[in-house]
Amino acid sequence: MIEIKNLNAWFGENHVLKDVSLKVPANGSFGLVGESGSGKSTVLRTMTGLVEDWEGNIVVGGQELGHKRNKDFYRQVQMVFQDPFGSLHPRHTIDRILSEPVAVHKLGNSDARVIKVLEQVGLDNSFRFRYPHQLSGGQRQRVSIARALILEPRVLLLDEPTSALDVSIQAEVLNLLSALRRDLGLTYIMVSHDLAVVAHVCDDIAIMNHGRIVERATASQLAQGSLEHPYSQQLYKAAGGYDRAVIDSFVDWD
Amino acid sequence: MTSETLLSVKNLAVSFTTSKGPVNAVRGVSFDLGRERLGIVGESGSGKSQTGRAILGLTAANGSITADKMQFHDVDLRHLSPKQWRKVRGARISMIMQDPKYSLNPVMTIGDQIIEAYREHHKVGTKEATHRAIEMLEAVKIRDPQRVFKSYPHEVSGGMGQRVMIAMMLIPDPELLIADEPTSALDVTVQLQVMAILDDLVRERGMALIFISHDLHLVSSFCDRVLVMYQGHVVEEIRASELDQAKHPYTQGLLNCLPKMDGNHDDLPVLQRQASWAEG
Amino acid sequence: MQTVTNQNSGGLRQWLTSNTPQSRFQARCGRTWLAWTKLTENRLAMIGLGIVVALILITILAPVISPYNPIAADLTKRILPPSAAHWFGTDQLGRDILSRLIYGAQYTLMVVGLVAITAAPVGLLIGTIAGYFGGWVDAVLMRITDIFLAFPKLILALAFVSALGPGLENAVFAIALTAWPPYARIARAETITVRRSDYIDAARLQGVSSRGLILGHIMPMCISSVVVRVTLDMAGMILIAAGLGFLGLGAQPPMPEWGAMVSEGRQFLLQQWWVSTVPGLAIFVVSLGFNLLGDGLRDVLDPRGGD
Chain A
1 MIEIKNLNAW FGENHVLKDV SLKVPANGSF GLVGESGSGK STVLRTMTGL
51 VEDWEGNIVV GGQELGHKRN KDFYRQVQMV FQDPFGSLHP RHTIDRILSE
101 PVAVHKLGNS DARVIKVLEQ VGLDNSFRFR YPHQLSGGQR QRVSIARALI
151 LEPRVLLLDE PTSALDVSIQ AEVLNLLSAL RRDLGLTYIM VSHDLAVVAH
201 VCDDIAIMNH GRIVERATAS QLAQGSLEHP YSQQLYKAAG GYDRAVIDSF
251 VDWD
Chain B
1 MTSETLLSVK NLAVSFTTSK GPVNAVRGVS FDLGRERLGI VGESGSGKSQ
51 TGRAILGLTA ANGSITADKM QFHDVDLRHL SPKQWRKVRG ARISMIMQDP
101 KYSLNPVMTI GDQIIEAYRE HHKVGTKEAT HRAIEMLEAV KIRDPQRVFK
151 SYPHEVSGGM GQRVMIAMML IPDPELLIAD EPTSALDVTV QLQVMAILDD
201 LVRERGMALI FISHDLHLVS SFCDRVLVMY QGHVVEEIRA SELDQAKHPY
251 TQGLLNCLPK MDGNHDDLPV LQRQASWAEG
Chain C
1 MQTVTNQNSG GLRQWLTSNT PQSRFQARCG RTWLAWTKLT ENRLAMIGLG
51 IVVALILITI LAPVISPYNP IAADLTKRIL PPSAAHWFGT DQLGRDILSR
101 LIYGAQYTLM VVGLVAITAA PVGLLIGTIA GYFGGWVDAV LMRITDIFLA
151 FPKLILALAF VSALGPGLEN AVFAIALTAW PPYARIARAE TITVRRSDYI
201 DAARLQGVSS RGLILGHIMP MCISSVVVRV TLDMAGMILI AAGLGFLGLG
251 AQPPMPEWGA MVSEGRQFLL QQWWVSTVPG LAIFVVSLGF NLLGDGLRDV
301 LDPRGGD
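Sequence order for the protein chains is A, B and C.
With the numbering used here applied, the first sequence covers 1 to 254.
With the numbering used here applied, the second sequence covers 1 to 280.
With the numbering used here applied, the third sequence covers 1 to 307.
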């Protein structure tokens with residue numbers, strides 16, 4: 001479904017992605033893990049056309065992407081942002097947020113679509129005419145997911161979709177994402193700093209550091225902790241909680 | 001570890017008057033603190049931060065604090081004048097906030113800010129204070145303390161900024177340190193490194209620490225004792241080492257809903273909230 | 001709509017403050033009501049609003065409430081001091097000053113109204129376009145803006161009016177031409193802060209065009225700042241209009257425009273103070289009203305004020 005080969009990207013003089021390659025089968029889920037500045041979100045932003053300065057091959061659904069994305073691309077690929085407080089327009093009602101893409105793509109039947117997608121993400125109709133500030137963090141993130149789903153895309157790009165949420169809400173949203181992938185046959189690329197979240201959602205995982213993929217693993221390899229690269233080992237150990245002896249063994253990867 | 005009681009809080013309540021009516025952020029919280037590391041864990045809105053702020057008298061103007069007892073050594077924290085607060089805050093009880101970006105003054109060099117913090121409570125000359133500040137930056141494992149001393153806050157990374165904050169808060173040698181999500185904005189490895197520094201300093205100086213966080217797992221591996229808060233109440237108090245034997249369904253629920261690295265993609269158990277938890 | 005009419009005021013209040021609005025219309029009303037209650041808590045803003053509303057009412061009711069004909073001269077009653085018959089006295093042609101003030105209100109209102117509905121949208125559009133596209137578009141539009149900003153407003157308006165010829169319409173046009181640049185600046189600054197936000201990126205990823213983004217997503221975030229600034233500027237516009245009137249370049253006699261009235265009375269200022277002072281006070285009160293209202297609106301509408 002998605003194939004990226006030798007992707008390089010730049011922010012001005014900064015070379016932020018270095019030869020990133022990855023492959024995701026249809027209905028698969030791929031996880032990108034790394035710390036801040038590792039370039040993991042940049043991979044998603046480059047795919048969606050939000051980063052302009054890049055080289056390499058990106059193929060989605062058998063079509064190679066150029067530097068301009070057309071409307072049809074956005075019907076295939078949608079993205080969910082990290083911050084549920086920043087990704088919804090503060091002056092638009094949920095109804096407006098959800099019905100705008102329907103209007104832009106001239107899909108028609110706006111009311112029915114909005115009601116259906118709200119139901120899919122587990123929000124009842126009473127949320128439809130509220131403003132984002134009247135919703136909790138978890139509800140907002142459900143709205144973000146609904147906005148991504150309303151165009152019935154095949155691919156969802158998830159940029160730390162739960163990192164701003166409480167753990168109990170995170171569990172609900174992760175379950176929702178799993179159910180949606182199962183029911184709608186979606187393909188996911190998920191970016192997170194949290195190894196456990198990625199291990200839970202994804203089948204294949206890549207660990208990134210300073211714009212490069214340093215290691216690839218499957219979810220079961222990760223479960224056994226069989227990682228080879230010292231950076232990914234360190235990340236794995238850090239996920240285990242506070243352990244004085246382990247921390248002293250940490251190396252800076254600047 | 002609880003040999004002598006440093007801070008004793010009985011029936012603490014914090015409520016705010018808002019345009020939508022009164023909000024009870026903290027209700028009936030009691031605990032005794034010795035020279036130990038106490039974790040306060042809860043989700044957003046649980047009142048964990050407000051508990052920490054109430055101890056330091058930092059509750060916002062529209063809030064009111066009531067307590068049967070808030071005793072810090074010989075000081076009754078309930079009725080202090082602003083002048084008396086200045087003698088306690090910083091000097092005897094310090095607080096580290098979540099984001100160093102907002103806690104450091106952007107137009108003052110880091111060195112000047114640390115010196116100011118030190119001289120607030122110690123009558124010493126600039127030279128002595130500078131010396132102490134550099135020493136403190138070394139103590140928080142900053143590799144090039146001279147350079148950081150002369151830098152402005154925006155010139156250092158988040159992890160470095162939080163180390164600076166720790167240096168600034170510990171330089172007056174307080175007896176109690178309240179850390180409110182001090183590492184939540186940092187990457188995991190940096191987060192652990194900063195916690196290790198905090199751990200060492202607290203041990204060396206025999207300080208008490210209140211560590212406020214949303215991360216039950218992290219707190220239990222770091223602290224001696226944990227208070228779990230839900231909607232303003234402490235629903236469970238438990239020794240960190242015995243967390244797996246938590247009795248309250250909320251604590252159990254919080255532990256269970258964390259994703260685990262076991263290769264299992266099944267649905268996570270979802271927390272079923274019960275109205276009775278909120279009644280304490 | 002039915003629910004509104006069927007319910008008493010308590011029900012209406014509930015309908016407005018409902019956390020679960022049932023329609024687009026209710027959501028919008030609720031939001032407006034919230035802003036209104038916030039504004040009513042501000043005493044000074046309410047005074048400002050009162051003055052502005054009074055100005056509008058006076059304009060509408062001028063023929064009913066004014067005791068005399070504002071332009072009919074009566075040389076037997078030249079420059080009479082304030083009395084029961086003529087509350088504010090009469091001017092050098094024996095016209096009742098109160099009546100002239102009442103009829104003059106419409107010119108003041110016309111000036112601020114026309115300038116606001118022409119200059120504000122132009123400034124908003126130019127500013128958001130410049131801020132959104134950046135690069136050379138921004139450079140060109142902002143240099144043009146700078147050129148207009150480089151001259152003092154009154155001087156520039158003077159130049160325009162002398163080129164176009166004196167008259168109230170030309171004065172309005174000239175003031176509008178000098179008024180838009182600050183709005184463009186504000187809108188541009190506001191646009192630049194929201195342009196990189198996640199919700200704009202998210203809309204872009206839905207395939208929303210640049211035009212849709214500017215009109216539907218960015219402008220709503222800029223409008224409140226611009227509205228506040230326009231309200232605050234209205235005082236200045238009234239003064240410029242009055243200034244042009246005073247210099248004989250605005251409203252032409254016998255139009256009872258307030259600035260022209262001040263000008264006409266200036267030769268008697270020492271002995272017959274009321275001829276100039278009363279319209280001067282009117283200008284002052286109305287300017288103050290707009291200023292107070294603008295200040296109050298800023299507190300209510302500032303997007304950073306938080307919901």
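Ideal Cβ positions, reconstructed from N, Cα and C, are used throughout, including at glycine.
Task: Burial state of C/F343, where buried means 16 or more other Cβ atoms lie within 10 Å - done: Here chain C comprises residues numbered 1 to 307, so residue 343 of chain C is not present and cannot be evaluated.
Task: N-terminal and C-terminal residue of the beta strand (DSSP E) that A/D159 is part of - done: Counted from its first residue, the first sequence places residue 159 of chain A at position 159. V155 to D159 is the extent of the beta strand (DSSP E) around A/D159.
TODO: Keeping to the same chain, check which residues put their C-beta closer than 7 Å to that of B/E135; ignore five residues upstream and five downstream.
DONE: Mapped onto the second sequence, residue 135 of chain B falls at position 135. There are no such residues.
Open item on the list: To the nearest angstrom, how far is the alpha carbon of B/I114 from that of B/A133?
Closed with: Stepping through the second sequence from its first residue, residue 114 of chain B is reached at position 114. Stepping through the second sequence from its first residue, residue 133 of chain B is reached at position 133. So the two alpha carbons sit approximately 6 Å from each other.
TODO: Check each candidate in C/P254, C/F268, C/I117 and C/Q206 and name the one with the smallest Cα separation from A/A103.
DONE: As a first step, residue 103 of chain A must be located in the first sequence, where it is residue number 103. When the alpha-carbon of A/A103 is set against those of C/P254, C/F268, C/I117 and C/Q206, the nearest one is in C/Q206.
Open item on the list: Can you confirm whether the region 40-50 of chain C touches the region 80-90 of chain C when touching is taken to mean that 3 or more C-beta pairs between the two stretches lie within less than 8 Å?
Closed with: no
- [ ] Please list the partners that C/P220 has in chain A, where partner means a Cβ-to-Cβ separation under 7 Å.
- [x] Counted from its first residue, the third sequence places residue 220 of chain C at position 220. Correct list: R91.
Task: Residue environment, A/A9, which counts as buried when at least 16 other CB atoms sit within 10 Å - done: Reading the first sequence from its first residue, position 9 is the one you call residue 9 of chain A. Its Cβ being crowded by 16 or more others within 10 Å, A/A9 is buried.
Task: Contacting positions in the region 16-29 of chain C - beta carbon closer than 7 Å to chain D - done: Annotation note: the requested chain D is absent from the structure, which comprises protein chains A, B and C.
- [ ] For A/K71, return the contacting residues in chain C, with the cut-off set at a CB-CB distance below 7 Å.
- [x] The residue labelled residue 71 of chain A in the question sits at position 71 within the first sequence. Within 7 Å Cβ-Cβ: G207.
- [ ] Determine whether the Cβ of C/A224 lies closer than 7 Å to any Cβ atom of chain A.
- [x] On the third sequence, residue 224 of chain C is found 224 positions in, with the first residue counted as 1. Reading the sequence as shown, one finds Ser at residue 224 of chain C and not Ala. So, not an interface residue.
- [ ] Report buried or exposed for A/T93, applying the criterion of at least 16 other Cβ atoms within 10 angstroms of its Cβ.
- [x] Walking along the first sequence from the start, residue 93 of chain A turns up at place 93. Under this definition A/T93 is a buried residue.
Task: Alpha-carbon to alpha-carbon, B/S157 and B/T109 - done: One-based indexing of the second sequence puts residue 109 of chain B at position 109. One-based indexing of the second sequence puts residue 157 of chain B at position 157. Near 14 Å, if we compare the C-alpha coordinates of B/S157 and B/T109.
TODO: Drop a sphere of 10 angstroms on the beta-carbon of C/P181, count the other beta-carbons inside from all chains shown, and report buried for 16 or more, exposed for fewer.
DONE: Stepping through the third sequence from its first residue, residue 181 of chain C is reached at position 181. So C/P181 counts as buried.
Open item on the list: Suppose you measure from the CA of A/Q234 to the CA of A/G240; what does that come to, to the nearest Å?
Closed with: As a first step, residue 234 of chain A must be located in the first sequence, where it is residue number 234. As a first step, residue 240 of chain A must be located in the first sequence, where it is residue number 240. Taking the straight line joining both Cα atoms gives about 10 Å.
- [ ] Taking the CB atoms as reference points, tell me whether C/G89 and C/W274 lie closer together than 7 Å.
- [x] For the purposes of this step, residue 89 of chain C is identified with residue 89 of the third sequence, where counting begins at 1. For the purposes of this step, residue 274 of chain C is identified with residue 274 of the third sequence, where counting begins at 1. The answer is yes: Cβ separation under 7 Å.
Task: Per-residue contacts from B/V270 into chain A (C-beta, under 8 Å) - done: Residue 270 of chain B sits at position 270 when you count from the first residue of the second sequence. Those are S168, A171, E172 and N175, listed as they occur along chain A.
Task: Assigned secondary structure, B/D180 (DSSP; H/G/I helix, E/B strand, else coil) - done: Your numbering for residue 180 of chain B matches position 180 in the second sequence. B/D180: strand per DSSP, three-state reduction.
TODO: Check whether the Cβ atoms of C/M219 and C/T128 sit closer than 7 Å, and answer yes or no.
DONE: On the third sequence, residue 219 of chain C is found 219 positions in, with the first residue counted as 1. On the third sequence, residue 128 of chain C is found 128 positions in, with the first residue counted as 1. A contact, by the Cβ cut-off of 7 Å.
Open item on the list: Going residue by residue through the region 42-80 of chain B, where are the continuous beta strand (DSSP E) segments of at least 3 residues, counting only ones entirely within it?
Closed with: 63-66 and 69-72
Task: Secondary structure of A/Y188, DSSP reduced to three states - done: The sequence position of residue 188 of chain A within the first sequence is 188, counting from 1. DSSP places A/Y188 in strand when its eight states are reduced to three.
Open item on the list: Give me the chain B residues within the contact set of A/S220, using Cβ-Cβ distance strictly less than 7 Å, ordered along the chain.
Closed with: Here residue 220 of chain A refers to the residue found at position 220 of the first sequence. Within chain B, the C-beta atoms nearer than 7 Å to that of A/S220 come from G263, in chain order.
Task: Exposure of A/F11, with buried meaning 16 or more beta-carbon neighbours within 10 Å - done: Locating residue 11 of chain A in the first sequence gives position 11, counting from the first residue. That one is exposed.
Task: Beta-carbon proximity list for B/R78, same chain, < 7 Å, skipping 5 on both sides - done: For the purposes of this step, residue 78 of chain B is taken as the residue at position 78 of the second sequence. If we look at B/R78 and ignore the five residues flanking it on each side, its Cβ neighbours are A67 and M70.
- [ ] Please state whether DSSP places A/Q78 in a helix, a strand or coil.
- [x] Taking the first residue of the first sequence as position 1, residue 78 of chain A is located at position 78. Here A/Q78 sits in strand by DSSP.
- [ ] From the DSSP output, in three-state form, read off B/P22 for me.
- [x] Taking the second sequence and counting its residues from 1, one reaches residue 22 of chain B at position 22. Of the three classes helix, strand and coil, the one that applies to B/P22 here is strand, per DSSP.
Task: DSSP state of C/F268 mapped onto helix, strand, coil - done: Looking up residue 268 of chain C in the third sequence gives position 268. Here C/F268 sits in helix by DSSP.
Task: Whole-angstrom distance between C/I240 and C/L288, CA atom to CA atom - done: Taking the first residue of the third sequence as 1, we reach residue 288 of chain C at position 288. Taking the first residue of the third sequence as 1, we reach residue 240 of chain C at position 240. If you take the alpha carbons of C/L288 and C/I240, they lie about 15 Å apart.
Task: Amino acids of chain C, ordered along the chain, whose beta-carbon sits closer than 8 Å to that of A/V104 - done: The residue you call residue 104 of chain A lines up with position 104 of the first sequence. Within chain C, the residues near A/V104 are Q206, G207, V208, S209 and G212.
Task: For C/R304, the three-state DSSP class (helix, strand or coil) - done: Along the third sequence, one-based indexing puts residue 304 of chain C at 304. In this prediction, C/R304 scores a pLDDT of 49, lower than 50, which makes its location untrustworthy; the coordinate-derived value is nonetheless stated afterwards. Helix, per DSSP.
Open item on the list: So with CB distances below 8 Å, who are the chain B contacts of A/G185?
Closed with: Here residue 185 of chain A refers to the residue found at position 185 when the first sequence is read from its first residue. Within 8 Å Cβ-Cβ: nothing; A/G185 doesn't reach chain B, min ~16 Å.
TODO: Would you mind sorting B/Y102 into buried or exposed? The rule is 16 or more other CB atoms within 10 Å of its CB.
DONE: Taking the first residue of the second sequence as position 1, residue 102 of chain B is located at position 102. It is exposed - the Cβ of B/Y102 has fewer than 16 other Cβ atoms within 10 Å.
TODO: Report the neighbours of A/S126 on chain C: residues whose CB is nearer than 7 Å to its CB, in chain order.
DONE: The sequence position of residue 126 of chain A within the first sequence is 126, counting from 1. Result: T20.
Task: Residues that DSSP places opposite B/L209 in a beta bridge - done: In the second sequence, the residue the question calls residue 209 of chain B occupies position 209. Answer is B/R37 and B/L177, bridged to B/L209.
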